[in-house]
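Peer 1: Every number in our numbering is 574 more than the matching position in the sequence shown, counting from 1. Could you have a look at this structure, given as structure tokens, before my questions?
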Amino acid sequence: MTVALGKLMLVGQQVGAEVPVADTMVKELDACTLLAPAEIAQVVGRPVERDFRNDLGLQADGSYSSTCVWIIEQADGVELNPRAPLGGRSFVILNATQWPAGSGLASGFLQDFRDAADNGEIPSAPTPKEFGDEALWWGDGLAVRSGDISLGVSVVIAGAKSRPRIVYEEQLAPYIMQHVASQTAD
575 MTVALGKLML
585 VGQQVGAEVP
595 VADTMVKELD
605 ACTLLAPAEI
615 AQVVGRPVER
625 DFRNDLGLQA
635 DGSYSSTCVW
645 IIEQADGVEL
655 NPRAPLGGRS
665 FVILNATQWP
675 AGSGLASGFL
685 QDFRDAADNG
695 EIPSAPTPKE
705 FGDEALWWGD
715 GLAVRSGDIS
725 LGVSVVIAGA
735 KSRPRIVYEE
745 QLAPYIMQHV
755 ASQTAD
């Protein structure tokens with residue numbers, strides 16, 4: 575995930591559009607609408623400077639993938655590190671994928687983390703969590719499945735020594751789930 579962070583770019587998209595996929599329509603999901611800057615600031619204790627959206631868009635498997643990054647105001651005394659993700663800035667990243675309705679493909683997102691642990695690609699086995707239909711913490715973030723939507727949220731606070739990142743991710747998850755529920759209730 576950190577390699578991809580350095581390559582994120584702002585991509586303009588029409589928000590909420592339905593994208594045709596073969597004989598179905600997949601609703602475009604905008605990850606930036608699933609967390610508010612005020613919600614992030616309340617959890618991490620620092621204001622959000624800005625956010626940017628980077629969607630992969632419609633994929634060959636019929637999914638629509640959206641990513642949002644919120645840059646957090648740097649704490650006093652914390653120096654930037656040009657070799658760290660996003661130059662050592664503090665940030666929240668959320669990836670949201672809308673899968674074709676009824677496809678069951680959202681479960682594969684979480685299974686990929688289990689497989690990665692089994693193959694030694696991540697250092698430890700994912701830990702189950704109580705969000706959405708299924709969730710797990712995989713060491714660098716929280717992955718959640720809710721219906722045909724999969725979500726991954728990671729928080730990086732530069733210079734943080736006291737709170738483990740999972741605390742932030744678990745506190746952001748209810749906000750994300752609330753926004754997902756309100757957008758999928760239509």
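Don't be surprised by glycine CBs; every beta carbon is placed ideally from N, CA and C.
Looking at the unbroken alpha helix (DSSP H) that takes in residue 683, where does it start and where does it end?
Peer 2: 680-692
Peer 1: Could you compute how far the alpha carbon of residue 649 sits from the alpha carbon of residue 620?
Peer 2: 8 Å
Peer 1: Please go through the same chain and pick out, in chain order, the residues whose beta-carbon is closer than 7 Å to the beta-carbon of residue 707, but skip the five residues on each side of it.
Peer 2: 719, 720, 721
Peer 1: Among 665, 711, 670, 709, which has the Cα closest to the Cα of residue 611?
Peer 2: It is 665.
Peer 1: Kindly indicate which three-state DSSP category residue 615 falls into: helix, strand or coil?
Peer 2: helix
Peer 1: Quick check: the Cα distance between residue 593 and residue 747, rounded to an integer number of angstroms?
Peer 2: In this prediction, residue 593 scores a pLDDT of 45, lower than 50, which makes its location untrustworthy; the coordinate-derived value is nonetheless stated afterwards. Cα to Cα, the separation comes out at about 27 Å.
Peer 1: Return the chain-ordered list of same chain residues with a C-beta closer than 6 Å to the C-beta of residue 753, the five sequence neighbours on each side being excluded.
Peer 2: 608
Peer 1: CA-CA distance, residue 597 and residue 606?
Peer 2: Because residue 597 carries a pLDDT of 47, less than 50, the predicted location of this residue cannot be relied on, and no value is offered for it.
Peer 1: To which residues does DSSP link residue 625 through a beta bridge?
Peer 2: Residue pairing by DSSP puts residue 625 in a beta bridge opposite 644.
Peer 1: Just the C-alpha distance for residue 749 and residue 656, rounded to the nearest angstrom, thanks.
Peer 2: Answer to the nearest angstrom: the Cα atoms are 31 Å apart.
Peer 1: Using a 10 Å radius around the Cβ and a threshold of 16 neighbouring Cβ atoms, would you call residue 717 buried or exposed?
Peer 2: buried
Peer 1: When the Cα of residue 671 is compared with those of 697, 703, 637, which residue comes out closest?
Peer 2: Looking at the Cα atoms, 637 is the closest of the given residues.
Peer 1: To the nearest angstrom, how far is it from the Cα of residue 618 to the Cα of residue 626?
Peer 2: 18 Å
Peer 1: Spatial neighbours of residue 652 within its chain, please: C-beta separation below 7 Å, excluding the five flanking residues on both sides.
Peer 2: 732, 733
Peer 1: Quick test of your reading: residue 669 and residue 701, contact by CB under 8 Å. State the CB separation rounded to the nearest angstrom.
Peer 2: The pair is not a contact, with the Cβ atoms about 19 Å apart (cut-off 8 Å).
Peer 1: Once DSSP output is grouped into helix, strand and coil, what is the label at residue 717?
Peer 2: Per DSSP, reduced to three states, the secondary structure at residue 717 is strand.
Peer 1: With DSSP run on the structure shown, which of helix, strand or coil describes residue 696?
Peer 2: coil
Peer 1: Looking only at its chain, what residues have a beta carbon closer than 6 Å to the beta carbon of residue 739, apart from the 5 residues adjacent to it on each side?
Peer 2: Closer than 6 Å at the Cβ level, and outside the excluded window around residue 739, lie 729.
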